[in-house]
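Chemist: Below you will find the structure I want to go over with you.
Given below as C-alpha cells:
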C-alpha cells in the first residue's frame, strides 16, 4: 500500500488519480499545476513548486515525518469523502443546473 502520492504536473483540469489517492488515504504531494489548491489548507498534502529540489525536499520530509504523513493521509481521505463522493458531485451539479435555469428564466422575464 502507498502512503504518499506525488503528481508533479504541468497542468491538470481535475486530477482523478490524485483524488483516488486521497480517497485511499495517501498524503498528497502536488505541484501548482495539479489544480487542487484546497488540498494543502485542508491538511491533505503539500503543494510545492514543480522543480526537482522542491519535490525532493517535500518527499524527504513526508518520508521522515511519519506522524505528519499519517495525519495528511487521514485528512486527505476525509476531504475526498466529504467533497468528491459521487452523491455530492451529483448534488452540486443539480444545484448548478437549477441556478442556471433560474438565471435563464429571469432573463426571459425581463
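In this note's numbering, the protein residues as written are 1315 to 1424.
For every residue, glycine included, the Cβ atom is placed at its ideal position computed from N, Cα and C.
Quick caveat: nothing in here was measured; it's all calculated off a predicted structure.
Give the secondary structure of residue 1389 by DSSP, where H, G and I count as helix, E and B as strand, and everything else as coil.
Modeler: helix
Chemist: If distances are taken between C-alpha atoms only, which option among 1358, 1324 and 1380 comes closest to residue 1335?
Modeler: 1358
Chemist: Could you check which residue in 1355, 1338, 1339 and 1326 has the C-alpha nearest to that of residue 1346?
Modeler: Among 1355, 1338, 1339 and 1326, the Cα nearest to that of residue 1346 belongs to 1326.
Chemist: For the alpha helix (DSSP H) containing residue 1332, list its first residue and its last residue.
Modeler: 1330-1337
Chemist: Note down the Cα distance separating residue 1375 from residue 1356, rounded to an integer number of angstroms.
Modeler: 18 Å
Chemist: If you compare alpha carbons, which of 1369, 1387 and 1340 is closest to residue 1323?
Modeler: 1369
Chemist: Considering residue 1423, what are the terminal residues of the alpha helix (DSSP H) in which it resides?
Modeler: 1400-1423
Chemist: Using a 10 Å radius around the Cβ and a threshold of 16 neighbouring Cβ atoms, would you call residue 1362 buried or exposed?
Modeler: So residue 1362 counts as buried.
Chemist: Note down the Cα distance separating residue 1410 from residue 1378, rounded to an integer number of angstroms.
Modeler: 43 Å
Chemist: From which residue to which residue does the beta strand (DSSP E) around residue 1344 run?
Modeler: 1341-1345
Chemist: Using a Cβ-Cβ cutoff of less than 7 Å, which residues in the same chain neighbour residue 1317 once the five nearest sequence positions on both sides are dropped?
Modeler: 1340, 1341, 1383 and 1387
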